[in-house]
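>
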Amino acid sequence: MKFTKMTTAAAILAACAFAQTSEVGKRAENQQDRIAQGVKSGQLTAGETSNLEKKEAAINQEVRTDRTLNGGKLTKAEKKQVNAQQNRVSKQIDNDKHNAAAQHYGNNEVDARRENQQDRIANGIASGKLSAAQSSKLEKGEASINHETAKDRAANGGKLTAPEKQQINRQQNRMSGKIYKAKH
Numbered sequence: 201m202k203f204t205k206m207t208t209a210a211a212i213l214a215a216c217a218f219a220q221t222s223e224v225g226k227r228a229e230n231q232q233d234r235i236a237q238g239v240k241s242g243q244l245t246a247g248e249t250s251n252l253e254k255k256e257a258a259i260n261q262e263v264r265t266d267r268t269l270n271g272g273k274l275t276k277a278e279k280k281q282v283n284a285q286q287n288r289v290s291k292q293i294d295n296d297k298h299n300a301a302a303q304h305y306g307n308n309e310v311d312a313r314r315e316n317q318q319d320r321i322a323n324g325i326a327s328g329k330l331s332a333a334q335s336s337k338l339e340k341g342e343a344s345i346n347h348e349t350a351k352d353r354a355a356n357g358g359k360l361t362a363p364e365k366q367q368i369n370r371q372q373n374r375m376s377g378k379i380y381k382a383k384h
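At position 31 of the sequence shown the residue is numbered 231 (our numbering), and the sequence of numbers has no breaks.
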């Protein structure tokens with residue numbers, strides 16, 4: 201009889217823990233999907249994506265810490281706090297996706313490569329192979345390359361010189377390797 205009560209109690213605790221995980225986890229997964237879609241469509245720039253992923257990673261870390269301190273569960277107050285944080289990030293995703301900033305890709309090798317790498321990151325986010333922290337780090341690297349490319353183009357009447365293209369290609373090669381490592 202005691203064994204059955206303990207088994208039932210354990211099952212109830214496991215179900216409660218799963219419900220907490222799925223409630224918070226589903227929301228986080230949904231937001232990751234929205235970010236991935238924004239990256240893929242060009243509605244989110246690399247900088248915006250990096251910022252959003254950094255915030256998602258911070259929320260995920262807070263949830264892990266709270267659960268560790270509370271035997272795998274979130275308290276009612278913690279759930280409320282996480283929900284409020286997720287609401288703020290959700291609103292920022294919407295604002296960033298619908299602002300004037302967009303990631304436009306040109307019709308050349310540098311821009312086609314950048315688009316391909318953004319697609320690889322977006323696919324990694326959508327598939328769950330990239331965590332929010334990994335995505336943030338990769339997007340920060342992409343934003344840096346994009347900024348340098350824009351600066352070089354501005355200095356040369358909208359075009360890149362051959363040495364600038366080579367430099368950007370080397371940076372994109374390194375970034376491609378980082379994307380691959382993070383996803384595998």
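For glycine and all other residues, C-beta sits at the position ideal for the given N, C-alpha and C.
Taking only runs that begin and end inside the region 215-276, name each unbroken alpha helix (DSSP H) of 4 or more residues, in chain order.
246-269
> Identify the continuous alpha helix (DSSP H) that holds H347 and give its terminal residues.
332-355 is the span of the alpha helix (DSSP H), which, as asked, contains H347.
> Spatial neighbours of A343 within its chain, please: C-beta separation below 6 Å, excluding the five flanking residues on both sides.
Correct list, in chain order: A246, G247, S250.
> Tell whether a beta-carbon distance below 9 Å holds between L252 and V282.
no
> Rounded to a whole number of angstroms, what is the C-alpha to C-alpha distance between T275 and E309?
Looking at the two C-alpha atoms, the distance is approximately 51 Å.
> Smallest Cα separation from H298: which of R267, Q237, K378?
Q237
> Mind the definition here: the region 368-376 touches the region 328-336 only if three or more C-beta pairs lie below 8 Å; say whether that holds.
no
> My assumption, with CB atoms under 8 Å, is that R313 sits in contact with Q372. Please give the rounded CB distance.
5 Å
> Between which residues of its own chain and K291 is the CB-CB distance below 8 Å, once the five residues before and five after are set aside?
Cβ within range, chain order: n/a, list empty.
> Does the Cβ of A322 have 16 or more other Cβ atoms within 10 Å, making it buried, or fewer, making it exposed?
Residue burial is scored here from C-beta neighbours: A322 has at least 16 other C-beta atoms within 10 angstroms and is therefore classed as buried.
> Check whether the Cβ atoms of N356 and E364 lie closer than 9 Å to each other.
Taking the C-beta atoms as reference points, E364 is found nearer than 9 Å to N356.
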